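Here the structure is laid out as structure tokens; the discussion comes afterwards.
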Amino acid sequence: MKRMVIVLALLAIAACTGESNLPNPTGKGTVRMINAMPGSPVVAFRIEERLIGQGNYKEASTATRWDDFDYIFNFESQFLGELMARTIASQAQKIETGMDYSFVLTGDVTAPVVSIWEGSEREWEDNETVFELRVANVAEANSIPGPIDVYIAPDGTAPAVGEEIATLDFGDIMAPIDMEALEYVVTVTRAGDPLDILYQSLPATFVAQAAVTMPIFDGDENDTASISVLAINALGPTADLIDATALPTIRFIQASLDLADADVYDDDLLTGLILSDHRFGDVTDDLQTTVGQTSYYYTPTGQVNTVLFESGILTVLNTRWNWIAIGDAGARFSVTYVPNRQSISIYSTVTPRHVALQHNLVDFYVVDADVPIDDENPTLSGVLYSLPSPTLIYAAGSYDMYLTLPDEKTIIAGPVRMDLVDGDVLEVMFFDNVNPAIADIVILPTQ
Numbered sequence: 003m004k005r006m007v008i009v010l011a012l013l014a015i016a017a018c019t020g021e022s023n024l025p026n027p028t029g030k031g032t033v034r035m036i037n038a039m040p041g042s043p044v045v046a047f048r049i050e051e052r053l054i055g056q057g058n059y060k061e062a063s064t065a066t067r068w069d070d071f072d073y074i075f076n077f078e079s080q081f082l083g084e085l086m087a088r089t090i091a092s093q094a095q096k097i098e099t100g101m102d103y104s105f106v107l108t109g110d111v112t113a114p115v116v117s118i119w120e121g122s123e124r125e126w127e128d129n130e131t132v133f134e135l136r137v138a139n140v141a142e143a144n145s146i147p148g149p150i151d152v153y154i155a156p157d158g159t160a161p162a163v164g165e166e167i168a169t170l171d172f173g174d175i176m177a178p179i180d181m182e183a184l185e186y187v188v189t190v191t192r193a194g195d196p197l198d199i200l201y202q203s204l205p206a207t208f209v210a211q212a213a214v215t216m217p218i219f220d221g222d223e224n225d226t227a228s229i230s231v232l233a234i235n236a237l238g239p240t241a242d243l244i245d246a247t248a249l250p251t252i253r254f255i256q257a258s259l260d261l262a263d264a265d266v267y268d269d270d271l272l273t274g275l276i277l278s279d280h281r282f283g284d285v286t287d288d289l290q291t292t293v294g295q296t297s298y299y300y301t302p303t304g305q306v307n308t309v310l311f312e313s314g315i316l317t318v319l320n321t322r323w324n325w326i327a328i329g330d331a332g333a334r335f336s337v338t339y340v341p342n343r344q345s346i347s348i349y350s351t352v353t354p355r356h357v358a359l360q361h362n363l364v365d366f367y368v369v370d371a372d373v374p375i376d377d378e379n380p381t382l383s384g385v386l387y388s389l390p391s392p393t394l395i396y397a398a399g400s401y402d403m404y405l406t407l408p409d410e411k412t413i414i415a416g417p418v419r420m421d422l423v424d425g426d427v428l429e430v431m432f433f434d435n436v437n438p439a440i441a442d443i444v445i446l447p448t449q
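Numbering of the sequence shown is given in this note's numbering, commencing with residue 3 and proceeding in unit increments.
Written out as structure tokens, the structure reads:
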């Protein structure tokens, strides 16, 4: 009771004096995080302990504005086996009124380097027809050895020496420039060699009275382009500028047990042969394809008088697709999707896919090597034929995979051994076997 009286008395004193020990802000500044760490999982961005954004590799968090005080900014990621997210870096920063701060993480997620790009928040007059642009180079892998030249010009303008807007080495960011708000193509070349084009965007429209920061990253395993470019509007949306030269790829997987050995064509005249003698169980490499709608036709090997199966796909630039021929003569179809092949440096990922028609529902086990499943629970219960399954995360080590009948310990496939190291990305498929009582677990070759 005495404690309550004292607290009430202190509150009364504060109310009477009307004074506070808290400082009074004089304005606000803008902050964001840019994750430029290849192999990074999601990074959380905190001001002190408050979450204000997050981002995967090649992503920027949403910009937020804060009073002009001193803060500690914290960056966190979830590590396997740890209940709480780990603080991977901290950075003290005084926010000044009218300033814009990008906290840029490079290096490795276990020991990031934090850089801060500072700039003034732009104030625009009503009649201005320009936008503000800054370009930065955060690509540190072999895709860009040495400095680069950056060009931004109308579509159809060839890069030429002296026309570059910046020459940037790793970690550099150019001073802001103003450009008329028009449609432009962004081109990246090796420094001093405008003919050595490393990246060229589709035409993109830049709007007036926008402040744009454009970091240039290394591509990741999901990209067919070696370079990725992000356009960050200071107070608006963020956009990927797609490489116009980065054609999509398709990996063909034959999982239809009763489909005869086939040649595969990409046109209805059956003149564009892309695969010969494609057999059940075959898994191809990534094959480059065109953008847009394409149909594929399966004919008996060496013949063009009969189409055994046909199906189509709609592809876009800079993507890697899986195409699975699945089902049987009564209901054969294709499953097409973009797998997530991004490597995460601090753990391994395993993505299973059930394409075994003879077993509509299965349980999937992943156990430590040589451990029987008798007393283990399924890793995934009731995995349904043809539908996607969640991606699983594992520490480095050796594991065995099994399939069983649903809600039983009756093994129909396995053990199949996985020897994983951090950064591995495995795609695993469950195939039919000529013996309908069993199935096969297949680890797809890495690309």
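Built from N, CA and C at the ideal position, the CB exists for glycine as well.
Owing to the predicted nature of the structure, the values given are computational and were not obtained by experimental measurement.
Distance check for D288 and G425, CA to CA, integer angstroms please. 20 Å
Judging by CA-CA distance, which residue of P354, N379, A397 and D376 is the nearest neighbour of I445? P354
List the endpoints of the continuous beta strand (DSSP E) containing E429. V427 to D434
Identity of the residue in W68, S63 and T226 nearest I252 by Cα: T226
Which of helix, strand or coil DSSP assigns to P417: strand
Based on the DSSP secondary-structure assignment, which residues constitute the bridge partners of D242? L232
Quick one: what does DSSP say T19 is sitting in, helix, strand or coil? Only weak support exists for where T19 lies, its pLDDT of 40 falling under 50; the value from the coordinates is given anyway. In this structure, T19 counts as helix in the three-state DSSP scheme.
Delimiting residues of the beta strand (DSSP E) encompassing V45: V45 to I49
Tell me whether V293 sits in a helix, a strand or coil according to DSSP, three-state version. coil
Leaving out the 5 sequence neighbours to the left and right, which residues in its chain are closer than 6 Å to L13 when beta-carbon positions are compared? Unreliable positioning characterises L13 in this predicted model, as indicated by a pLDDT of 37, which lies under 50. The coordinate reading is nonetheless provided below. Correct list: empty, nothing qualifies.
Can you tell me whether Q295 is buried or exposed? The criterion is at least 16 other CB atoms within 10 Å of its CB, across all chains shown. exposed
Could you tell me if E127 is buried or exposed, where buried requires 16 or more neighbouring beta carbons within 10 angstroms of its beta carbon? exposed
Backbone CA spacing between Y73 and R52 [nearest angstrom]: 11 Å
Does the segment 114-127 touch the segment 81-97, meaning 3 or more C-beta pairs lie closer than 8 Å? yes
Tell me which residues share the same chain as P408 and place their Cβ nearer than 8 Å to its Cβ, disregarding the 5 neighbours each side in the sequence. L363, V364, D365, S383 and G384
Rounded Cβ spacing between V152 and A168 (contact assumed at less than 8 Å): 5 Å
Within 10 angstroms of the Cβ of I154, are there 16 or more other Cβ atoms? Answer buried if so, exposed if not. buried
From the DSSP output, in three-state form, read off A14 for me. Only weak support exists for where A14 lies, its pLDDT of 39 falling under 50; the coordinates are left without a value.
Let's see if you can read the secondary structure: which residues bound the beta strand (DSSP E) around H280? L275 to H280
Backbone secondary structure at H361 - three-state DSSP: coil
Answer yes or no: do Y367 and A397 have a C-beta to C-beta separation smaller than 8 Å? no
What does a CB cutoff of less than 7 Å around V318 pick up in its chain, not counting 5 residues either side in sequence? P250 and V293
By Cβ distance below 6 Å, which residues in the same chain neighbour D279 in space, the five residues on each side in sequence not counted? D263 and T303
What is the rounded straight-line gap between the Cα of P25 and the Cα of R124? 26 Å
Please confirm whether A236 and A206 have their CB atoms less than 8 Å apart. no
Would you say the beta carbon of R48 is closer than 7 Å to some non-hydrogen atom of the ligand MN? Questions concerning the ligand MN fall outside what the structure shown contains, since it holds no ligand whatsoever.
With a threshold of 7 Å on Cβ separation, who are the neighbours of D284 within its own chain once the five nearest residues in sequence on each side are excluded? Q256
Where P390 falls: helix, strand or coil (DSSP): strand
Tell me E61's beta-bridge partners as DSSP assigns them. N37
Which residue comes first and which comes last in the beta strand (DSSP E) that contains R67? T66 to D69
Return helix, strand or coil for I74, following the three-state DSSP convention. strand
Grouping DSSP H, G and I as helix and E and B as strand, with all else coil, what is R5? Legend: pLDDT at R5 = 39, less than 50; position of this residue unreliable, value from coordinates given subsequently. Reduced to three states, the DSSP call for R5 is helix.
CB of S388 within 8 Å of CB of I328, strictly: yes
Under the three-state reduction of DSSP, which class applies to F105: helix, strand or coil? strand
So Y349 is in the beta strand (DSSP E); what residue range does that whole segment cover? From DSSP, Y349 is part of no beta strand (DSSP E); its letter is neither H nor E.
When you compare the CB of T303 with every CB in chain B, is at least one pair closer than 8 Å? Absence of chain B from the displayed structure is noted, only one protein chain being present.
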